[in-house]
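Q: Counting along the sequence shown from 1, when you hit position 141 you're at 126 in the numbering used here, and nothing is skipped either side.
In this text, a Cβ means the ideal position worked out from N, Cα and C, and glycines have one as well.
This structure is a prediction, so every number in the text was calculated from the model and none was measured.
Structure in structure tokens, see below.
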Amino acid sequence: MTASLIDGKAFAEGLRHRIAEHVSRLNAEHGITPGLAVVIVGSDPASQVYVSNKSKQTVEVGMASFKHELPEDTSEADLLALVRQLNADPAVHGILVQMPVPKHIDPDKVIETIDPAKDVDCFTPANVGKVQIGLPGPVSCTPLGCLMLLRDRLGSLSGLNAVIVGRSNLVGKPMAQLLLRENCTVTVAHSRTRDLPALLRQADIVVAAVGRPEMIRGDWIKPGATVIDVGINRIPAPERGEGKTRLVGDVAFAEAAEVAGAITPVPGGVGPMTIACLLANTVTTASLINGLTPPGDLTA
Ligand SMILES: Nc1nc(=O)c2c([nH]1)NC[C@@H]1CN(c3ccc(C(=O)N[C@@H](CCC(=O)O)C(=O)O)cc3)C=[N+]21
């Protein structure tokens, strides 16, 4: 391996320390304890683990955590009623409804119901628009985490060629907006893109967010490029024993690490940053709700 490893886990830990300092200042100077409500419908085991990690880290940085675990057969009306109740609760500054929701619930209706002032995922149209024109507010957690890792590694991103693979509302599209704000030349590739390998060979920055295990090969990477792997795919690992699995990204890591200048691992790369940025967004919304300027240096 020739690439240096981008340690998202360590970076996220540092970020959580900075968040904790802001939380204690909000508390000491303004009597505010930022509160994050996490709602999970159903009992998908991966979601359960992820939600309990979030709650644990929320408490560790000194914020209040409100966890709502609803049964799989919860009606859409009941879920929307809970969201409205959280909208009205002054102790709650951030609301996250774990996606995906069960099939009988319309995720767009859920997002529409969340008060944009408490939308720490940055899923609501109002906040997506704010990111686009550069107004203060929450920023999509995973793209924000990717951007922080890129800035830490590269300093200025101005003029660099960035290719994002994947055009989801969750990652690809907001990532494009953030990189554009950094003066990158941004290309968003997707399933209909012609000759992805040739496109990627021009990229100084690759952000892989397609959800297809190890799809991006080493010989598609420009030598020295910075590779951010957003994919978290669980695949069978018979070499570890009967029925065992392991996590891999969207990039064939071992191959890409021979060519890239720097690369994020999976796990331990983007994932931990997503959670830390969720907490950072909760500090932002708690500040704005109380008429305070959100800390600019937290995610700078
Ligand atoms: N409303 C909403 N907001 C989300 O932000 C959201 C969501 N719904 N639904 C699910 C996805 C997924 N997601 C992850 C965040 C961190 C890790 C993470 O920390 N992963 C560890 C590995 C964890 C493991 O071992 O399974 C890592 O990459 O090192 C994973 C997945 C947030 N999501």
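1) Would you identify the three-state DSSP class for Ser272, choosing helix, strand or coil?
2) Does the distance between the C-beta of Ile217 and the nearest non-hydrogen atom of ligand 1 fall short of 7 Å?
3) Regarding Thr259 and ligand 2, is the C-beta to nearest heavy atom distance less than 7 Å?
4) Quick one: what does DSSP say His7 is sitting in, helix, strand or coil?
5) Looking at the secondary structure, which residues open and close the alpha helix (DSSP H) in which Pro30 lies?
6) Between Ala247, Met200, Pro123, which lies nearest to Leu263 when the distance is taken from Cα to Cα?
7) Could you tell me whether any non-hydrogen atom of ligand 1 is closer than 7 Å to the CB of Leu81?
8) Based on DSSP bridge pairs, tell me the residues matched to Asp214.
9) At what residues does the alpha helix (DSSP H) containing Ile118 begin and finish?
10) If you measure between the beta carbons of Pro101 and Thr267, is that distance less than 8 Å?
11) Can the beta-carbon of Leu232 be found less than 8 Å from the beta-carbon of Ile217?
12) Specify, as a first and last residue, the run of the alpha helix (DSSP H) that Leu64 falls within.
13) Quick check on the DSSP output: the alpha helix (DSSP H) that includes Ala239 runs from which residue to which?
14) From Gly228 to Ala193, what distance separates their C-alpha atoms?
15) Compute every distance between the C-beta of Pro252 and the non-hydrogen atoms of ligand 1, then say whether any falls below 7 Å.
16) Once the 5 residues before and after Thr259 are set aside, which same chain residues still bring their CB inside 8 Å of it?
17) Which two residues bound the contiguous alpha helix (DSSP H) that contains Leu139?
18) Where Met160 and Val173 are concerned, what is the direct C-alpha to C-alpha distance, given to the nearest angstrom?
19) At the level of alpha carbons, what is the spacing between His314 and Arg197?
20) Indicate whether Val215 and Val156 have their beta-carbon atoms separated by less than 8 Å.
21) Examine ligand 1 and report whether any of its heavy atoms sits within less than 7 Å of the Cβ of Leu232.
22) I believe Ile190 touches Ala147 by the beta-carbon criterion, under 8 Å. Please report the beta-carbon distance rounded to the nearest angstrom.
23) Any contact between the segment 56 to 73 and the segment 30 to 48? By contact I mean 3 or more CB pairs, one from each, below 8 Å.
24) Buried or exposed for Asn38, please, with buried defined as at least 16 other CB atoms from any protein chain shown within 10 angstroms of its CB.
25) Compute the minimum distance between the beta carbon of Cys126 and the heavy atoms of ligand 1, and state whether it is under 7 Å.
26) Relative to the C-alpha of Pro257, which residue among Ala(-12), Lys(-6), Ser(-11), Leu120 is closest?
27) By the 10 Å Cβ neighbour count, where 16 or more other Cβ atoms means buried, how is Leu132 classified, buried or exposed?
28) Please state whether DSSP places Lys52 in a helix, a strand or coil.
29) Would Asp235 be called buried (16 or more neighbouring beta carbons within 10 Å of its own) or exposed?
A: In brief:
1) Helix, per DSSP.
2) yes
3) In terms of ligand content, the structure shown lacks ligand 2 and carries ligand 1 instead.
4) helix
5) Start and end: 30 to 45.
6) Looking only at Ala247, Met200, Pro123, the smallest Cα-Cα distance to Leu263 is reached by Pro123.
7) True, at least one ligand heavy atom lies under 7 Å from that Cβ.
8) Ala193
9) 110 to 118
10) Taking 8 Å as the Cβ cut-off, Pro101 and Thr267 do not qualify as a contacting pair.
11) yes
12) 61 to 73
13) 238 to 242
14) 27 Å
15) The answer is yes for Pro252.
16) Cys126, Thr127, Gly130
17) DSSP places Leu139 inside the alpha helix (DSSP H), whose first and last residues are 126 to 139.
18) 9 Å
19) Residue 314 lies beyond the residue range present for the chain, which begins at -14 and ends at 285; the question has no answer from this structure.
20) yes
21) yes
22) 4 Å
23) no
24) Answer is exposed; the Cβ neighbour count stays below 16.
25) yes
26) Lys(-6)
27) buried
28) Looking at Lys52 - three-state DSSP - the assignment turns out to be strand.
29) buried
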